[in-house]
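Enquirer: Questions regarding the structure given below will be posed in turn.
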Amino acid sequence: MTRALDDRAPQTVDPQTVDPQTADPQTVDPQTADPQSTDPPSAGARSVEPLDTPAARYRMIRLIRGFEELALELVRSGHIVGGTHPYIGQEAVAVGVCAALRPGDQITSTHRGHGHVLAKGVPPRLLLAELAGRVTGSNRGRGGSMHAADLRLGILGANGIVGAGVPIAAGAAWAAKQARADRVVAAFFGDGALNQGVLLETLNLAAIWKLPLLFVCENNGYATTLPAAAAVAGSAVARACGFGVAAFEVDGMDVEAVRGAASAAAGRARAGRGPVFLECRTYRFEGHHTVERRFRLAYRTAEEIAAWRARDPLESAAAALADAEAERAAIDAQVAAQLDDAREFALGSATPDPSGACDFLYASGLRPRAGALP
Ligand SMILES: Cc1ncc(C[n+]2csc(CCOP(=O)(O)OP(=O)(O)O)c2C)c(N)n1
Ligand SMILES: [Mg+2]
């Protein structure tokens with residue numbers, strides 16, 4: 119279900135403007151071994167698979183689910199130090215939004231970012247190595263779970279600060295607009311960011327400047343243990359509408375609903391008609407953080423969790439497969455093999471040499487815009 123709260127938006131958006139079918143796979147070359155480069159390291163060329171069919175979207179949801187289950191296991195075994203924020207239950211949001219984006223589009227992510235990073239194209243072996251702090255990780259093992267980024271894939275970074283990715287996305291959208299680039303930017307953030315001043319400031323600027331920006335609120339009902347119902351006055355979409363930003367509520371457990379809404383939103387933004395706000399209603403099946411597993415926190419009832427689990431986005435995506443059982447079994451087997459490979463690759467990789475702890479703190483040279491500086 120997608121409900122329009124701004125009547126200027128849905129009827130006038132042509133979803134065909136953004137057709138994920140036309141988004142060609144993007145191949146990124148392996149990086150050269152420049153030790154001063156701040157680009158992520160290479161473990162082979164990256165072929166980004168388009169999320170342009172129900173099977174591809176099921177596959178990506180299955181991959182994110184399996185990746186997160188593997189990460190949980192590796193936290194328990196001590197191979198991933200410090201814990202992570204599992205995205206299990208919310209996969210349809212990352213996959214639905216990224217299915218509506220083109221390879222050249224950009225995203226900013228959150229502390230719960232593995233799903234966004236995988237759906238935008240980072241191979242699971244590189245992300246898992248990053249979580250395990252290995253030199254082969256997507257950011258040489260120096261970023262970890264909350265700082266994974268890949269500028270060449272348009273991933274401007276996961277982010278440990280609630281709401282902080284949103285103004286970064288606005289800056290990228292402003293740059294796209296100045297360059298007249300046919301590019302949109304999606305900013306993922308949680309309901310916990312709704313009361314951050316920076317979100318409201320960014321909504322204002324994005325509206326005034328008509329930025330090609332998608333505000334993607336993943337409302338999973340809680341910020342850590344604080345229910346959104348007890349923290350967020352009014353409604354999220356009404357707040358966006360207050361800034362003149364077209365805003366929609368979307369079923370965040372249904373990948374096709376998210377993709378439809380995000381395609382229309384991206385089409386509108388690409389056509390120069392300004393930002394769109396999507397409130398994706400979703401739920402995290404696991405605790406806020408892997409550490410939560412050690413405590414018995416009573417902020418959610420078993421009934422509430424069961425009710426949301428009954429709407430598992432993995433199952434609804436599977437139901438959309440043409441030849442459901444056989445196709446699902448084949449995809450599940452491929453994903454299992456991919457995750458076995460990721461585990462072997464990550465745990466078989468070296469940890470960074472402590473003597474290089476100060477490498478990459480600064481960029482290796484100014485790259486001024488043409489004509490800006492001698
Ligand atoms: C500015 C800021 N305040 C507080 C925190 C601590 N913190 C980390 S995650 C989190 C909850 C975020 O909730 P939400 O945005 O709804 O995302 P979710 O965890 O539900 O995915 C908080 C308060 C932080 N990282 N940054
Ligand atoms: Mg939340």
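One gets the working numbering by counting positions in the sequence shown from 1 and adding 118 to each.
Just so it is clear, CB atoms sit at the ideal spot from N, CA and C, and this is done for glycine as well.
Computed from a prediction, not measured in an experiment: that's the story for all the values here.
Answer yes or no: do glutamine 216 and alanine 237 have a C-beta to C-beta separation smaller than 8 Å?
Expert: Note that residue 216 is cysteine in the sequence shown here, rather than glutamine. Their beta carbons are under 8 Å apart, which means cysteine 216 touches alanine 237 by this criterion.
Enquirer: Count Cβ pairs between the stretch 427–441 and the stretch 238–245 that sit closer than 8 Å; are there 3 or more?
Expert: As far as the Cβ criterion goes, the stretch 427–441 does not touch the stretch 238–245, which means the pair count is below three.
Enquirer: Write down the C-beta distance between leucine 439 and arginine 446 rounded to the nearest angstrom, noting that I regard them as a contact closer than 8 Å.
Expert: That pair is a contact at about 6 Å.
Enquirer: Could you please go through the chain and list the residues whose beta-carbon is closer than 6 Å to any non-hydrogen atom of ligand 2?
Expert: With the cut-off at 6 Å, the residues found are Gly308, Asp309, Gly310, Asn338, Tyr340 and Ala341.
Enquirer: When DSSP labels each residue in this structure, what does glutamate 319 get in the three-state scheme?
Expert: Glutamate 319: helix per DSSP, three-state reduction.
Enquirer: Smallest Cα separation from glycine 405: which of Pro393, Gly352, Glu397 and Ile423?
Expert: Ranking the options by Cα distance to glycine 405, first place goes to Ile423.
Enquirer: Give the secondary structure of valine 284 by DSSP, where H, G and I count as helix, E and B as strand, and everything else as coil.
Expert: Three-state DSSP puts valine 284 in a helix.
Enquirer: When DSSP builds the beta bridges, which residues end up paired with glutamate 397?
Expert: Partner(s): Cys335 and Glu367.
Enquirer: Does the stretch 456–471 come close enough to the stretch 243–253 to have 3 or more Cβ pairs within less than 8 Å?
Expert: Cβ pair count under 8 Å is three or more, so yes.
Enquirer: I'd like to know whether the C-beta atoms of alanine 299 and alanine 287 end up nearer to each other than 8 Å.
Expert: In this structure, alanine 287 does not lie closer than 8 Å to alanine 299 by Cβ.
Enquirer: Cβ of valine 350 within 7 Å of any heavy atom in ligand 1?
Expert: No, since every heavy atom of ligand 1 falls outside the 7 Å radius drawn around the Cβ of valine 350.
Enquirer: Can you give me the start and stop residues for the alpha helix (DSSP H) that phenylalanine 413 sits inside?
Expert: Unbroken run through phenylalanine 413: none, as it is neither H nor E.
Enquirer: Suppose you measure from the CA of alanine 375 to the CA of alanine 481; what does that come to, to the nearest Å?
Expert: Each residue's Cα considered, the two are about 41 Å apart.
Enquirer: If you reduce the DSSP assignment to three classes, tell me which class phenylalanine 185 lands in.
Expert: It is helical.
Enquirer: Where does alanine 305 sit, in a helix, a strand or coil, going by DSSP?
Expert: Alanine 305: strand per DSSP, three-state reduction.
Enquirer: With hydrogens ignored, establish whether the beta-carbon of isoleucine 206 is closer than 7 Å to any heavy atom of ligand 1.
Expert: No, Cβ of isoleucine 206 sits at least 7 Å from all heavy atoms of ligand 1.
Enquirer: Whose C-beta lies closer than 7 Å to the C-beta of valine 409 among residues of the same chain, with five residues either side of it excluded?
Expert: Counting only Cβ-Cβ distances below 7 Å, and skipping sequence neighbours, we find Gly201.
Enquirer: Cβ of valine 355 within 8 Å of Cβ of alanine 311?
Expert: No; because the gap between Cβ atoms is not below 8 Å, this pair is not in contact.
Enquirer: Name the two residues that bound the continuous alpha helix (DSSP H) containing glutamine 456.
Expert: Glutamine 456 -> alpha helix (DSSP H) spans 442–465.
Enquirer: Reducing DSSP to helix, strand and coil, say where glutamine 139 ends up.
Expert: Because the pLDDT of glutamine 139 is 30, which lies under 50, any placement of that residue in the model is unreliable, and the number read from its coordinates should be weighed accordingly. Note: glutamine 139 maps to helix in three-state DSSP.
Enquirer: To which residues of the same chain is histidine 265 closer than 8 Å at the C-beta, ignoring the five residues directly before and after it?
Expert: Contacts found: Asn257, Gly275, Ala276, Asn277 and Gly278.
Enquirer: Hey, out of Ala420, Glu462, Ala464 and Arg386, whose CA is closest to alanine 218's CA?
Expert: Selected option, being the one with the closest Cα: Arg386.
Enquirer: Quick one: using the 10 Å Cβ neighbour count with 16 as the cut-off for buried, is phenylalanine 413 buried or exposed?
Expert: By the neighbour-count rule (16 or more Cβ atoms within 10 Å), phenylalanine 413 is not buried but exposed.
Enquirer: Please indicate yes or no: does the CB of glutamate 336 lie closer than 7 Å to some heavy atom of ligand 1?
Expert: Checking the Cβ of glutamate 336 against ligand 1 gives yes.
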